[in-house]
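Engineer:
Number of protein chains: 2
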Amino acid sequence: MDNNSNFLAKYIPNAITVLSLCCGLTSIRFSITEEWKIAILLIILAAVFDFFDGWFARKFKGGSNFGAELDSLSDFISFGVAPSLLIYFWALSDLESLGWSISLFFAVCSALRLARFTADIYLTPKPIDLNTYFIGVPSPAAAGLSLLPIFIYIEFEFSFLRNPYLNLINLSLIGFLMVSKIPTFSFKKINLSKKYAPWIILLVVIICIGLISNIWLTLIILVIIYIISIIYTVMINFKSN
Amino acid sequence: MDNNSNFLAKYIPNAITVLSLCCGLTSIRFSITEEWKIAILLIILAAVFDFFDGWFARKFKGGSNFGAELDSLSDFISFGVAPSLLIYFWALSDLESLGWSISLFFAVCSALRLARFTADIYLTPKPIDLNTYFIGVPSPAAAGLSLLPIFIYIEFEFSFLRNPYLNLINLSLIGFLMVSKIPTFSFKKINLSKKYAPWIILLVVIICIGLISNIWLTLIILVIIYIISIIYTVMINFKSN
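These protein sequence lines map, in sequence, to chains B and D.
Every letter in the first sequence is one number past the one before it in numbering that gives the first Met the number 0, and letter 114, counting from 1, is 113.
Every letter in the second sequence is one number past the one before it in numbering that gives the first Met the number 0, and letter 148, counting from 1, is 147.
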């Protein structure tokens, strides 16, 4: 029984991470062939796998150095390289070198953030998820923010959102937010005590129903709520300092 | 003076790693537009930067956790993802899903190897480059091995080397070699004592002249020498066990 649980703890999270990595890499393939919706869905699927892999590793206390390293590589592809290439092919390719340099900038910021985050795991004696806030925007959230213009474009067909300069500014800004030291809300910190459990389950159910009924609108709402949460935490910390 | 040296030790290796990462990412861009030679040269440039970044970090004893993490991300792009996409677009894309799965396999093997390698840095008390052998083929060498068919194709125009099944077998085999535990020769171990220094400098000069005069032929020779070195170390270890 214990052996079985060890087996789960050791291999399942890493197997899920590899799935997440494959989704991220395959998203690049569909960005190249301009199948935007599939490319985006694969990044979202990578995020779902990434969430479950972290959850599994914590649940079975199987978090290993190897797992943390693999997770960092997978996150870099799925939330750094794949979104930057997607936005490049969707909106920036007309700008040629300028467009490419901004895509590179976004990917490099994502690498710097992930390298800092993973190196910190080895430094902190306490588990990282006890912290109330992340420092800077984490890479999966940055991927969501960078893709907001394309979500709105798909749902409402506002063609100006495909403007290269708009996406260029958006990508640069999110790049800076990733490496910045602004505090951002960590959803791992959500109070999971029994008192709140029914409400959280209800919320998750509502989000799932939303994603199934109208995925693009739901994603737009989620990203906007996240942007509001950033403004809120920044304002709170600005006041308290 | 000391401050200056600290500054060099801290920032130069990471800046070189970022350059290496940018070369790897840009190689992907040129693979997509089928400019094979530029894509290959960018991977080689990434390898050169990767070598100097490691050398700088050792020289100034500035190897940090952050640097190791960033290096792992950069290596994954330059020697895992970029070569696998290059070979996919050059030879495997006609096989569609099958071709893509082999490219994914190569990239995943590279991730598994780099994750193990980076996680081990934190475990071993002694610096990793004191080991005589690497365990398995390191990712820059794997990139060189995976690109051998295209080197020969460019130099000698043997069109059968672009055969998808040949490249499929080649990529799979190298994927296995990366995660395998076979011993491979570490060139960091080369004896740099004063006695041998002139010969090593001569060798480096010859390689540089070769690369400048006929880069493809020199690369073919270097990769073939590396293959012979793998066979040699495997045979030596097979005998001694």
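Each residue gets a CB set at the ideal place from its N, CA and C atoms; glycine is no exception.
Could you tell me if the beta carbon of D:A196 falls within a distance shorter than 6 Å of some heavy atom in the ligand GTP?
Structural biologist: In the structure shown, the ligand GTP is absent, as is every other ligand, since no ligand is present at all.
Engineer: Among residues of its own chain, excluding the 5 on either side of B:I11, which ones have a beta-carbon nearer than 6 Å to its beta-carbon?
Structural biologist: In the first sequence, the residue the question calls residue 11 of chain B occupies position 12. Beyond the five residues adjoining it in sequence on each side, B:I11 comes within less than 6 Å, by CB distance, of F55 in the same chain, given in chain order.
Engineer: What residues in the stretch 79-96 of chain B bring their beta carbon closer than 9 Å to a beta carbon of chain D?
Structural biologist: G79, V80, S83, L84, Y87 and F88
Engineer: Using a C-beta to C-beta distance shorter than 7 Å, which residues of chain B count as neighbours of D:F65?
Structural biologist: Position 66 of the second sequence, counted from the start, is the residue given in the question as residue 65 of chain D. The answer, in chain order, is A114, R115 and A118.
Engineer: Quick check on B:P139: does DSSP put it in helix, strand or coil?
Structural biologist: If you number the first sequence from 1, residue 139 of chain B lands on position 140. The answer is helix: DSSP assigns B:P139 an H, G or I state.
Engineer: Helix, strand or coil for B:F134? Go by DSSP, reduced to three states.
Structural biologist: Working through the first sequence from its first residue, we reach residue 134 of chain B at position 135. Sequence check: residue 134 of chain B is Ile here, not Phe. The answer is strand: DSSP assigns B:I134 an E or B state.
Engineer: For D:V222 and D:L172, which I take to be in contact (beta-carbon distance under 8 Å), what is that distance rounded to the nearest angstrom?
Structural biologist: Numbered from 1 along the second sequence, position 223 holds the residue referred to as residue 222 of chain D. Numbered from 1 along the second sequence, position 173 holds the residue referred to as residue 172 of chain D. Their Cβ separation, rounded to whole angstroms, is 14 Å, which puts D:V222 and D:L172 out of contact at 8 Å.
Engineer: Taking the alpha-carbon positions, what's the D:L40 to B:C108 distance?
Structural biologist: One-based indexing of the second sequence puts residue 40 of chain D at position 41. One-based indexing of the first sequence puts residue 108 of chain B at position 109. If I take the Cα positions, the gap works out to 24 Å.
Engineer: Any Cβ of chain D within less than 7 Å of the Cβ of B:I31?
Structural biologist: In the first sequence, counting from the first residue as 1, residue 31 of chain B sits at position 32. Chain D contact via Cβ: present.
Engineer: Applying the criterion that 16 or more other CB atoms from any shown protein chain within 10 Å of the CB defines a buried residue, is D:I211 buried or exposed?
Structural biologist: Within the second sequence, the letter at position 212 stands for residue 211 of chain D. Under this definition D:I211 is an exposed residue.
Engineer: For D:G66, which of B:Y121, B:S185 and B:R115 has the nearest alpha-carbon?
Structural biologist: Stepping through the second sequence from its first residue, residue 66 of chain D is reached at position 67. Of the candidates B:Y121, B:S185 and B:R115, the one whose C-alpha sits nearest the C-alpha of D:G66 is B:R115.
Engineer: Nearest to B:F150 by CA position, among B:D70, B:R28, B:K36 and B:D119, is which residue?
Structural biologist: Against the first sequence, residue 150 of chain B aligns to sequence position 151. Nearest C-alpha to B:F150: B:K36.
Engineer: B:D52 and B:L113 - do their beta-carbons sit closer together than 7 Å?
Structural biologist: For the purposes of this step, residue 113 of chain B is taken as residue 114 along the first sequence, with counting starting at 1. For the purposes of this step, residue 52 of chain B is taken as residue 53 along the first sequence, with counting starting at 1. Going by C-beta atoms, B:L113 is not nearer than 7 Å to B:D52.
Engineer: In the DSSP assignment, the beta strand (DSSP E) including D:T183 goes from what residue to what residue?
Structural biologist: Reading the second sequence from its first residue, position 184 is the one you call residue 183 of chain D. P182 to F184 is the extent of the beta strand (DSSP E) around D:T183.
Engineer: What alpha helix (DSSP H) runs, 4 residues minimum, are completely inside the stretch 62-98 of chain B?
Structural biologist: As for any alpha helix (DSSP H) of minimum length 4 sitting wholly inside the stretch 62-98 of chain B, the runs are 64-74 and 81-86, ordered along the chain.
Engineer: In or out: B:K125 buried (at least 16 other Cβ within 10 Å) or exposed?
Structural biologist: Against the first sequence, residue 125 of chain B aligns to sequence position 126. In this prediction, B:K125 scores a pLDDT of 46, lower than 50, which makes its location untrustworthy; the coordinate-derived value is nonetheless stated afterwards. B:K125 comes out exposed.
Engineer: Between which two residues does the alpha helix (DSSP H) carrying B:Y231 extend?
Structural biologist: Against the first sequence, residue 231 of chain B aligns to sequence position 232. Start and end: I214 to S239.
Engineer: So, is the C-beta of D:C21 closer than 7 Å to a C-beta in chain B?
Structural biologist: On the second sequence, residue 21 of chain D is found 22 positions in, with the first residue counted as 1. Taking Cβ atoms only, chain B reaches closer than 7 Å to D:C21, which makes this a yes.
Engineer: Can you look up B:E34 in the DSSP assignment and give me helix, strand or coil?
Structural biologist: Along the first sequence, read from residue 1 onward, the residue named residue 34 of chain B stands at position 35. Of the three classes helix, strand and coil, the one that applies to B:E34 here is coil, per DSSP.
Engineer: Does D:E156 come out as helix, strand or coil in the three-state DSSP assignment?
Structural biologist: The residue labelled residue 156 of chain D in the question sits at position 157 within the second sequence. Note: D:E156 maps to coil in three-state DSSP.
Engineer: Can you list, in chain order, the residues of its chain whose CB lies under 8 Å from that of D:F157, leaving out five sequence neighbours each side?
Structural biologist: Here residue 157 of chain D refers to the residue found at position 158 of the second sequence. For D:F157, where only same-chain residues beyond five positions count, the Cβ hits under 8 Å are I151.
Engineer: Could you tell me whether the Cβ of B:V107 comes closer than 7 Å to any Cβ of chain D?
Structural biologist: Locating residue 107 of chain B in the first sequence gives position 108, counting from the first residue. So, interface residue.
Engineer: Note down, in chain order, each residue of its chain lying with its Cβ closer than 7 Å to the Cβ of B:S19, except the 5 sequence neighbours on either side.
Structural biologist: Here residue 19 of chain B is taken as the residue at index 20 of the first sequence, counted from 1. Cβ within range, chain order: A45, F48, D49, D52, S73 and S77.
Engineer: Please confirm if B:I127 has its CB atom under 7 Å from at least one CB of chain D.
Structural biologist: Here residue 127 of chain B corresponds to residue number 128 of the first sequence, with the count starting at 1. Legend: pLDDT at B:I127 = 44, less than 50; position of this residue unreliable, value from coordinates given subsequently. So, not an interface residue.
Engineer: Against B:A110, what residues of chain D qualify as contacts under a CB-to-CB distance less than 8 Å, listed in chain order?
Structural biologist: The residue labelled residue 110 of chain B in the question sits at position 111 within the first sequence. The answer, in chain order, is V17, L20, L69, L72 and S73.
Engineer: Which residues bound the alpha helix (DSSP H) around D:S171?
Structural biologist: For the purposes of this step, residue 171 of chain D is taken as residue 172 along the second sequence, with counting starting at 1. Looking at the DSSP string, the run of the alpha helix (DSSP H) that includes D:S171 is P163 to V178.
Engineer: Determine whether the beta carbon atoms of D:S248 and D:F105 lie at a separation below 7 Å.
Structural biologist: The displayed coordinates of chain D run from 0 to 240. Any statement about residue 248 of chain D would go beyond what the structure contains.
Engineer: Could you check if D:K238 is buried or exposed, using at least 16 other CB atoms within 10 Å of its CB as the buried criterion?
Structural biologist: What you label residue 238 of chain D is simply residue 239 of the second sequence in a count that begins at 1. By the neighbour-count rule (16 or more Cβ atoms within 10 Å), D:K238 is not buried but exposed.
Engineer: So B:L103 contacts chain E; which residues on that side make the cut at Cβ distance below 8 Å?
Structural biologist: Looking at the structure shown, chain E is missing, and the protein chains on hand are B and D.
Engineer: Is the Cβ of B:Y121 closer than 7 Å to any Cβ of chain D?
Structural biologist: Here the question's residue 121 of chain B lines up with position 122 in the first sequence. With its beta carbon less than 7 Å from one in chain D, B:Y121 belongs to the interface.
Engineer: Identify the contact partners of D:I76 in chain B, using a Cβ-Cβ distance below 9 Å as the criterion.
Structural biologist: As a working note, residue 76 of chain D is residue 77 in the second sequence. Correct list: F75, I76, V80, A106 and A110.
Engineer: By Cβ distance below 7 Å, which residues in the same chain neighbour D:V178 in space, the five residues on each side in sequence not counted?
Structural biologist: Looking up residue 178 of chain D in the second sequence gives position 179. These residues qualify, in order along the chain: C108, L111, R112 and G135.
Engineer: For D:M0, I'd like the list of residues in its chain whose CB is within less than 7 Å of its CB, leaving aside the five on either flank, ordered along the chain.
Structural biologist: Mapped onto the second sequence, residue 0 of chain D falls at position 1. Its pLDDT being 43, under 50, D:M0 is placed unreliably in this model, and the value from its coordinates should be taken loosely. None.
Engineer: Among B:K58, B:I220 and B:F184, whose alpha-carbon lies nearest the alpha-carbon of B:G234?
Structural biologist: Stepping through the first sequence from its first residue, residue 234 of chain B is reached at position 235. The sequence given here has Met at residue 234 of chain B, not Gly. Comparing Cα positions, the closest option is B:F184.
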